[in-house]
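The listed protein sequences correspond, in order, to chains V and Z.
Under my numbering, the residue at position 81 of the first sequence is numbered 151, and the numbers go up by one with no gaps.
Under my numbering, the residue at position 377 of the second sequence is numbered 476, and the numbers go up by one with no gaps.
Using N, Cα and C, we set each Cβ at its ideal position, and we do this for glycine too.
Here the structure is a predicted model, which means the values were calculated and not measured.
Structure first, commentary second.
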Amino acid sequence: MSDGIKKATMHVNQNEGLIFEKSAPGKRGMELPPLDVPAVDIGKALGAENARADVANFPEVSEIEVIRHFTRLSTWNFAIDLGMYPLGSCTMKYNPRVNEFVARLDGIASEHPYQPGELSQGCLKILDLLQNCLLEITGMDAITLQPSAGAQGELTGLLLIRAYLQSKGNPRKKVLIPDSAHGTNPATAVIAGYEVENIRSDAQGQIDIEQLKRIVNEDVAALMVTNPSTLGVFEQHIAEAAEILHKAGALLYMDGANMNALAGVARPGDFGVDVMHLNLHKTFSTPHGGGGPGAGPVMVKKILEPFLPVPVLVKKPDGTLALELNRSQSIGRVRAFVGNFGVLVRALAYTLAYGPGIRQATEDAVTNANYIRKNLEGVFDLPYSSPSMHEVVFSDAKQKKNGVGTMDIAKRLIDYGFHPYTTAFPLIVHGAMMIEPTESESREECDFFIEAMRSIADEAEKNPELVRTAPHNTRVGRLDEVGAARKPILRWKPKAAGEAAD
Amino acid sequence: MRYLPKSPSERQEMLAAIGVKSVEDLFSSIPAAFRLKKPLALPAALSEMEIIDFFKARAAENSRGYTSFLGAGVYNHLRSVVTDAIIQRGEFLTSYTPYQAEISQGTLQAIFEFQTLMCQLTGQEVANASMYDGSTAVTEAVLMADRLTNKRRVIVARSLHPEHRQVLATYARNLNMEILEVGFTPTGQMDLDALGKLVHDDTSCVVAQSPNFFGVIEPVAKIAEIAHAKEALMVIAIAEAVSLGAVKPPVDTDIVAMEGQSFGMAPSYGGPFAGVIATRDKFVRQMPGRLAGQTVDNKGRRGFCLTLATREQHIRREKATSNICTNQALCALAATVHLCLLGKEGLAEMAAQNIAKARFAASELAKIPGVKLAFSGPAFNEFVIELPRSVKIVNASLRKEKLIGPLPLGTFYPELTKHGLVCVTEVTPRAEIERFAAALAKALKEPI
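And the structure:
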């Protein structure tokens, strides 16, 4: 195409360029009120060596262009608001709109973290009530809301364990992690200064208690376990594992990523867990937003309370709330300010909507997973027959015979209007298909999903090529990810003078 | 319950189809001793209206009606309603991390645009898709320098945000890393002589913030020269990103660790915000955090996907560059939309207004008997005043006038109990600056 003319093609909203390609000098999409104090010469005010001319190639576009650009981009996304998102271990449930509304209220969104405590009682009461609700739901004794996300919650939890063991004279060397664990667990243990020892799951995909007895010694700081496991199965011997660890002076860490299977039904604090984190963007419905922000509160038993990160929320003798900064045994700060407050507000709004009825959400989530399991058993291979809770893990063993793998089936689901399930995880299942419907799906949606999966299984038999080359109905096809990594293009650059336009 | 899409009879039919008598049977794998026998002791369920009322009541217990002069890492800037309208579209709000590129091109292209904007602003060659916040970005930048240099000694400016230093200390404690601090001079800038004596061949990096915690612009090029002379890397933290509309970008530095809150994110009592790491191309494989890259699809059309994921925890497990999984995608999107609206002229104008307003405020306050400007270095939109008495006492008087006064620096610097950090942005009206000056003058006349 020549540089001068850009032709409209079919589906103009499907061919939206980059914002930089729409830019023209002198346009803008936001105006400021006029300056009401004397203007200053920036070169003189900052010194010529500090002053900047302008930001080269920065976009210059109008308001309507910005609206249209990002609205068009948005239509290229799948989202919970559009349909079922059966991503195992991600808990893609409905994100209530009222949560967004209250997080943006004047007096909530507008508050500064350093404003005096007497002018922050509303914020502090929100934190206090959320803390109490999360402690009741998990059965734990004390809490910090500071961690920004699950991974930082894990790190905080391990630092608490380290500080506690250090106070007993020896921080120890190793953290035990089952081979079914999410990759974040081992990455976190290393940042907390521990070596990782992987432990193998038994034939049922559960913690191998006999093996645990053999390897727990005075070098072991903790076992990090996800419960229900990444297979969606409750760890039968969790209390026994806790006992083995406690006897050896080690602690039990629980990754609460799968709390959506337990809320209102069972409490980790009751089955021996010493430290755990929650992902508020999973169980507590705060939006994933295309990959964050989240929040990863950490709950602990009494023995670990002195080590919680600062600030700690306390009640003063006069009944008002305050943030306490001076705590001699604290592990320190894990991030600036109190945490992702706006996310915490949303999580509290969710909890208040359910109250004790949160159990119903758990029951519906587990019902949906078992309903899907029942209807797809036999169609897909079920590598572990242990009872499922909130998610079910199949494998592609049957379809692999026709050269169709889990990723192909996942991509074909897109053509049927569903987001793919989680592929190739957990690592202990070859060709895993991890399905978590959550409580947000009606029976009708579950039936549509089951029908789509059965139809794809049929296609895998009769027309495997159709599945292998999916998706077919998307704006772009499968992307060249190898090429993207080999010669990374990570930013837009203006065309050099003389270079031809596309 | 309004969020649950099942009728009681549908529940029964589904349980029957599964082949269980009651929903209890689905939980039989949990040992009986651990199954709750009674409902959780939570507040009773609320309707939508009651939830709104609850939070409105909490909002009324905060600082409404007060004018604030607080900054210190969280800034009140103009935000357009357009930004919120875009990020509340369900297609952005309720989508997952864009691993499935074919149905995530909206998020991926927006991230690619974000990375480009961050490079343009910081003068660096590559930027990630965002991190938790500025404090963790600083820490991750130091860990990155540690991997690149394989050295363990870190030199940090005392004028780096105190909470950022605290976060770094928490992470460093168990990683066999030594952190040394270098002080500041009467200009409020890093003490370069002291720095010169501290930097040795075993130094991994030098970390400074500009504008620093006192609002003063650091001599970045000179600091970098001292660091580079001993083959240490230079990390520049930026807490007030609007400064990049007027202040020369830190092109001499190796890693930039920035807080993006100033670009369209509400103060929100401290989060969520978006941290950023930007660096040189040659360091990209040691950079933590997600990255979106441009590629083509099977028909040769331009598209975007997450790339260089072999650095990340879900692939590398214990050998990953960082344990972080998330970026702050929705916050990064807010920044992207905000910066596109503001544009080249708007950003420059906003930065210039901040400088002008802060200068005006500084000169008004300096006229008050007993009030001194503590540092002489070039300031952006914050400055430190020294008072003849404790800032906390003065602030209590200011509160009676519905003013939230300067941040008492004694909390973080024991030697600065009579010093307060004042922030003025484009949203602070001149009349409020004048009211603040009058109230401060009055407060200083009150008997202690």
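Taking 8 Å as the cut-off, decide whether the C-beta atoms of residue i and residue j are in contact.
| i | j | result |
| --- | --- | --- |
| P490(V) | A480(V) | yes |
| F154(Z) | I428(V) | no |
| M329(V) | V449(V) | no |
| F128(V) | Q219(Z) | yes |
| A435(V) | T425(Z) | no |
| A345(Z) | L116(V) | yes |
| I254(Z) | V237(Z) | no |
| L502(Z) | G509(Z) | no |
| P513(Z) | N494(Z) | no |
| V523(Z) | K456(Z) | yes |
| I520(V) | N438(V) | no |
| S512(V) | K105(Z) | yes |
| P318(Z) | Q288(Z) | yes |
| A320(Z) | L259(Z) | no |
| S144(V) | G205(Z) | yes |
| E190(Z) | A173(V) | no |
| V335(V) | I129(Z) | yes |
| C108(Z) | L114(Z) | Note on identity: in this sequence residue 108(Z) is Ser, with Cys being the wrong assignment. Not in contact: S108(Z) and L114(Z) (Cβ atoms no closer than 8 Å). |
| H460(V) | E506(V) | yes |
Is residue i buried or exposed, if buried means 16 or more other CB atoms sit within 10 Å of its CB?
| i | result |
| --- | --- |
| G501(V) | buried |
| Q84(V) | exposed |
| Q111(Z) | exposed |
| S194(Z) | buried |
| L539(Z) | buried |
| R299(Z) | The sequence as given places His at residue 299(Z); Arg does not occur at that position. That one is exposed. |
| S72(V) | Residue placement at S72(V) is poorly supported in this model, since its pLDDT is 45, which falls under 50; the coordinates are not used for a value here. |
| D176(V) | exposed |
| E94(V) | Note that residue 94(V) corresponds to Ala in the displayed sequence, not to Glu. The residue in question, A94(V), is exposed, as its Cβ has fewer than 16 Cβ neighbours within 10 Å. |
| L103(Z) | buried |
| A571(V) | A caution first: A571(V) carries a pLDDT of 40, below 50, which makes its placement in the model unreliable, though a value can still be read off. Label assigned to A571(V): exposed. |
| L560(V) | buried |
| I134(V) | exposed |
| R270(V) | exposed |
| D353(Z) | buried |
| T66(Z) | Here chain Z has residues from 100 to 547 only, and residue 66(Z) is not among them. |
| M504(V) | buried |
Across which residues does DSSP place residue i in a beta bridge pair?
| i | result |
| --- | --- |
| C218(Z) | Paired residue(s): none; C218(Z) is not in a bridge. |
| R518(Z) | The sequence given here places His at residue 518(Z); Arg does not occur at that position. H518(Z) pairs with E485(Z). |
| Q393(Z) | F403(Z) |
| L549(V) | D396(Z) |
| V136(V) | In DSSP, V136(V) forms no bridge with anything. |
| V449(V) | V449(V) pairs with nothing; no bridge assigned. |
| T347(V) | Reading off the sequence, residue 347(V) comes out as His, not Thr. Looking at the DSSP assignment, H347(V) forms a beta bridge with D325(V), V368(V). |
| G374(Z) | M230(Z), E358(Z) |
| M243(Z) | According to DSSP, which records beta bridges pairwise, M243(Z) is partnered with nothing at all. |
| P138(Z) | Note: P138(Z) sits in no beta bridge, so no partner. |
If I'm right that residue i touches residue j with Cβ under 8 Å, what's the distance once you round it to whole angstroms?
| i | j | result |
| --- | --- | --- |
| I484(Z) | G519(Z) | 6 Å |
| T166(Z) | E531(Z) | 5 Å |
| T435(Z) | L216(Z) | 6 Å |
| A291(V) | V245(V) | 6 Å |
| V266(Z) | T221(Z) | Contact flag wrong, Cβ pair sits at about 21 Å. |
| P366(Z) | S180(V) | 6 Å |
| F511(Z) | Q393(Z) | Contact doesn't hold; Cβ gap of about 43 Å is too wide. |
| K468(V) | D451(V) | 5 Å |
| V413(V) | T356(V) | 5 Å |
What are the residues of the segment 423-446 of chain Z that lie near chain V, defined by any Cβ-Cβ distance shorter than 9 Å? I423, C424, T425, N426, Q427, A428, L429, C430, A431, L432, T435, V436, H437, L438, C439, L440, L441, G442, K443, E444, G445, L446
Taking only beta carbons into account, state which residues of the segment 505-516 of chain V come closer than 9 Å to chain Z, listed in chain order. E509, S510, E511, S512, R513, E514, E515, C516
Name the residues in the segment 168-199 of chain Z whose C-beta lies less than 8 Å from a C-beta of chain V; which are they? L169, A171, G172, V173, N175, L177, S179, V181, D183, A184, I185, I186, Q187, R188, G189, E190, F191, L192, T193, S194, Y195, T196, P197, Q199
Against chain Z, which members of the segment 409-430 of chain V pass a CB distance test of less than 8 Å? G409, N410, F411, G412, V413, V415, A419, T421, L422, A423, Y424, G425, P426, G427, I428, R429, Q430
Can you pull out the residues from the segment 536-547 of chain V whose beta carbon lies closer than 7 Å to at least one beta carbon of chain Z? P541, T544, R545, V546, G547
Short-range partners of chain V found in the segment 319-341 of chain Z, where Cβ spacing is below 8 Å: Considering only beta carbons, the part of the segment 319-341 of chain Z lying closer than 8 Å to chain V consists of A320, in chain order.
Can you list, in chain order, the residues of the segment 189-218 of chain V whose Cβ is nearer than 7 Å to any Cβ on chain Z? L189, S190, Q191, G192, C193, K195, I196, C203, E206, I207, S218
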